[in-house]
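In the UniProt record's numbering, the protein residues as written are 1 to 292.
Here's the structure we're looking at; comments come further down.
In structure tokens form, the structure reads like this:
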């Protein structure tokens with residue numbers, strides 16, 4: 001969750017996201033709340049899911065005068081209660097504190113560090129965590145603390161406890177598994193529910209296990225792709241945030257195929273992180289609503 005705007009200072013720009021049972025009057029009630037507070041809508045998106053009979057909405061709005069996000073949330077609470085809403089209301093410019101986990105493949109980590117350093121992602125990266133020492137130099141080059149937390153079958157509970165200690169101590173809002181090649185326990189998945197994003201390759205057909213790109217090369221695939229999704233206890237089956245593919249052909253050797261796959265992974269993951277940090281992704285059961 002983003003940091004709260006400083007009390008008594010005009011934060012001005014807020015984002016409100018909500019979901020609730022679909023019924024008449026929702027938009028009118030939200031608009032009435034904004035009018036009552038002098039709000040000006042900058043961006044508004046909504047979606048009614050006829051399959052689940054739920055309504056989803058995202059509004060970016062400005063209000064005049066000194067205020068803060070906590071006061072705005074308190075003021076909106078009666079509207080939310082009337083319509084059985086799940087909602088979040090945050091300072092639109094507050095960055096997500098994002099902890100990145102990685103193993104030995106550093107392309108996604110490098111991409112996220114670069115984008116964060118240039119301001120193209122609305123995140124702060126307080127730390128990088130890895131079960132291998134390989135990423136230490138890269139993290140240091142961006143001035144980001146690096147934590148080497150080895151994982152073995154015998155030490156996995158202790159390693160996951162250390163991860164949660166780091167999440168709590170750094171005040172982390174989002175955990176990104178940027179090619180972190182360890183399966184998280186069900187307990188850890190539940191602790192990070194809705195605030196952990198994973199990236200993995202997704203071929204047609206799919207290849208699992210070691211060296212998936214080499215398996216794809218051996219089968220002569222024509223598409224390589226990647227999927228970014230929320231982490232759940234079901235391996236690689238969490239609600240999908242973003243996907244993309246790239247067409248390849250017989251001219252690609254194994255190294256070129258790996259390079260193409262890494263490019264797609266980095267792009268898909270960065271988009272998923274961007275949309276999550278801008279409060280553009282709402283959970284809808286096993287699926288997501290993404291207001292791009």
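For glycine and all other residues, C-beta sits at the position ideal for the given N, C-alpha and C.
Source: prediction; values computed, not measured.
What did DSSP end up calling residue i once you bin it into helix, strand or coil?
i	result
residue 225	strand
residue 187	helix
residue 269	helix
residue 192	coil
residue 247	strand
residue 84	coil
residue 28	helix
residue 98	strand
residue 162	helix
residue 74	helix
residue 180	coil
residue 174	strand
Distance, Cα to Cα, residue i vs residue j?
i	j	result
residue 131	residue 49	41 Å
residue 175	residue 57	24 Å
residue 87	residue 144	32 Å
residue 55	residue 270	27 Å
residue 247	residue 229	22 Å
residue 257	residue 106	17 Å
residue 260	residue 288	27 Å
residue 117	residue 125	9 Å
residue 97	residue 123	6 Å
residue 89	residue 216	44 Å
residue 16	residue 81	15 Å
residue 206	residue 214	12 Å
residue 114	residue 84	41 Å
residue 227	residue 243	4 Å
residue 169	residue 25	42 Å
residue 69	residue 52	30 Å
residue 193	residue 177	13 Å
residue 10	residue 22	Since pLDDT at residue 10 reaches only 39, below the 50 mark, its modelled position is unreliable, and the value read off the structure follows with that caveat. Distance between the alpha carbons of residue 10 and residue 22: 33 Å.
residue 182	residue 59	37 Å
residue 159	residue 249	42 Å
residue 188	residue 219	36 Å
residue 141	residue 110	10 Å
residue 208	residue 202	9 Å
residue 33	residue 91	17 Å
residue 13	residue 285	29 Å
residue 139	residue 30	43 Å
residue 43	residue 283	20 Å
residue 210	residue 255	15 Å
residue 72	residue 41	15 Å
residue 276	residue 245	21 Å
residue 232	residue 163	17 Å
residue 238	residue 79	31 Å
For residue i, tell me which candidate among the options has the shortest Cα-Cα distance.
i	options	result
residue 172	213, 44, 291 and 127	127
residue 221	252, 244 and 274	252
residue 20	46, 112, 142 and 35	46
residue 191	181, 165, 199 and 63	165
residue 225	265, 170, 73 and 67	265
residue 180	241, 108 and 239	108
residue 147	99, 65, 206 and 59	99
residue 134	103, 249, 231 and 78	103
residue 63	284, 37 and 239	37
residue 267	13, 59, 199 and 234	199
residue 120	263, 141 and 93	93
residue 150	189, 110, 101 and 186	101
residue 234	185, 139 and 195	185
residue 65	112, 39, 281 and 279	39
residue 75	273, 35, 44 and 95	35
residue 167	129, 95, 157 and 67	129
residue 241	262, 195 and 212	195
residue 279	154, 95 and 79	95
residue 274	197, 232, 77 and 136	197
So if DSSP puts residue i in a beta bridge, which residue, or which two residues, is it bridged to?
i	result
residue 14	61 and 91
residue 47	56
residue 20	55
residue 146	128
residue 290	281
residue 200	227
residue 41	61
residue 241	DSSP, once it has assigned bridges, lists no residue as partnering residue 241.
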